[in-house]
Amino acid sequence: MDISVVVPCYNEALVIEQTLNRLVQALDPLDIDYELLFVDDGSRDETATILTKLSASNARCRLVRLSRNFGHQNAVTAGIDRSAGDAVVLIDADLQDPPELIGEMVRLWRSGVQVVYGLRVARTGESAFKRASAAMFYRTMNAICDTRIPVDTGDFRLMDRKVVNALMTMPERDRFLRGMVSWVGFRQVALPYAREPRFAGESKYPFWKMIRFALDAVTSFSIAPLRLATWIGFIVSTLALIGVVATFLIRVFTQSWVPGWAGLLISVLFLGGVQLICVGIVGEYVGRIYGEVKRRPLYLVDD
Numbered sequence: 000m001d002i003s004v005v006v007p008c009y010n011e012a013l014v015i016e017q018t019l020n021r022l023v024q025a026l027d028p029l030d031i032d033y034e035l036l037f038v039d040d041g042s043r044d045e046t047a048t049i050l051t052k053l054s055a056s057n058a059r060c061r062l063v064r065l066s067r068n069f070g071h072q073n074a075v076t077a078g079i080d081r082s083a084g085d086a087v088v089l090i091d092a093d094l095q096d097p098p099e100l101i102g103e104m105v106r107l108w109r110s111g112v113q114v115v116y117g118l119r120v121a122r123t124g125e126s127a128f129k130r131a132s133a134a135m136f137y138r139t140m141n142a143i144c145d146t147r148i149p150v151d152t153g154d155f156r157l158m159d160r161k162v163v164n165a166l167m168t169m170p171e172r173d174r175f176l177r178g179m180v181s182w183v184g185f186r187q188v189a190l191p192y193a194r195e196p197r198f199a200g201e202s203k204y205p206f207w208k209m210i211r212f213a214l215d216a217v218t219s220f221s222i223a224p225l226r227l228a229t230w231i232g233f234i235v236s237t238l239a240l241i242g243v244v245a246t247f248l249i250r251v252f253t254q255s256w257v258p259g260w261a262g263l264l265i266s267v268l269f270l271g272g273v274q275l276i277c278v279g280i281v282g283e284y285v286g287r288i289y290g291e292v293k294r295r296p297l298y299l300v301d302d
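When we follow numbering that gives the first Met the number 0, the leftmost residue of the sequence shown carries the number 0, and every step to the right adds one.
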């Protein structure tokens, strides 16, 4: 088997047939042996029913149906774990990432490249806020992480079997696959492309889900927030010490008391807020440790 194409799906009934057609049209002319692995991540619409019919009529099409919705990254992991190809392509079902680029990815792979990742040079149909927040996210990640993650990328990529095998040895629960692929190394190159609008349906990453995904990424690849909490503690303690010394000097060398119940109240509230923020940062890491030590499976397969 040359290529396995992993397609995570969640409520994609409106687009899934078109996705399969475009994948077949893009892959058939390449003269390669390939399989299409559709992973149904607990869809609540007719996605699983449609995929069952499609897989029955196309020998290259396989369906992995999870027992419930485990999230995009875990669905991708389920597909990777069941892939048989010498290389694995990850692509979403919404057709924002054009399947026609897989041919160029295969060409680069055959030339010796071990990871070909899609680099988004344009994001048609996405809001200015989403584009700006994505740009800020990747640049912030590279500023605080030891692992450099290419900016303006997603999970659309081709990975050699060596890279896939390396990923399969990494069982962490809060998965950030594009960061994990960067961490394992090997020879990686970018393939620039213009991202298209969704063919149908709506985004599976609303604002709060994007925030959660960003938190998973930061806590998986950086301890900078913990260091920030430590530095905030030092800074606030230093300011408090300066305030104590100033109060003492004013009382000793002048005849006035330091007035200000308001100032005292503000200081107490400020310190309390800083402490709660720092405890919250520590709690994010402790919560992830708790999730890891339970060793529950990343996903469960229904069929």
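For glycine and all other residues, C-beta sits at the position ideal for the given N, C-alpha and C. Because the structure is a prediction, the values reported are computed rather than measured.
Terminal residues of the beta strand (DSSP E) in which residue i lies
| i | result |
| --- | --- |
| Arg61 | 60 to 64 |
Collapsed DSSP secondary structure at residue i in the structure displayed
| i | result |
| --- | --- |
| Met158 | strand |
| Pro28 | helix |
| Phe37 | strand |
| Pro98 | helix |
| Thr139 | helix |
| Val300 | strand |
| Glu16 | helix |
| Thr146 | coil |
| Thr253 | coil |
| Thr237 | helix |
| Thr229 | helix |
| Ala245 | helix |
| Leu92 | The sequence shown places Ala at residue 92, rather than the Leu named in the question. Of the three classes helix, strand and coil, the one that applies to Ala92 here is coil, per DSSP. |
| Pro170 | coil |
| Asn164 | helix |
| Arg294 | coil |
| Arg67 | coil |
Under 7 Å between C-beta atoms of residue i and residue j
| i | j | result |
| --- | --- | --- |
| Tyr9 | Ser54 | no |
| Ala77 | Tyr298 | yes |
| Met169 | Val114 | no |
| Ala92 | Glu34 | no |
| Val6 | Ile101 | no |
| Asp96 | Phe155 | yes |
| Gly117 | Leu36 | no |
| Glu99 | Ala193 | no |
| Val23 | Val63 | no |
| Cys277 | Ala239 | no |
| Asp30 | Asp85 | no |
| Asn68 | Asp44 | no |
N- and C-terminal bounds of the alpha helix (DSSP H) containing residue i
| i | result |
| --- | --- |
| Ser181 | 176 to 183 |
| Arg106 | 101 to 109 |
| Val75 | 71 to 80 |
| Ala47 | 46 to 56 |
Paired residues, beta bridge with residue i - DSSP
| i | result |
| --- | --- |
| Ala189 | Tyr116 |
| Leu3 | Checking the sequence, you will find Ser at residue 3 rather than Leu. The partner list for Ser3 (beta bridge, DSSP) reads Glu34, Val87. |
| Cys8 | Asp39 |
| Thr152 | Leu118 |
Neighbour-count burial assignment, residue i, 16 or more Cβ in a 10 Å radius
| i | result |
| --- | --- |
| Asn73 | buried |
| Met104 | buried |
| Ser181 | buried |
| Val87 | buried |
| Val120 | exposed |
| Thr48 | exposed |
| Phe233 | exposed |
| Ser3 | buried |
| Gly178 | buried |
| Thr46 | buried |
| Trp108 | buried |
| Gly184 | exposed |
Residue i at chain D interface by Cβ criterion, 7 Å
| i | result |
| --- | --- |
| Ala83 | Here there is only one protein chain, and chain D is not present. |
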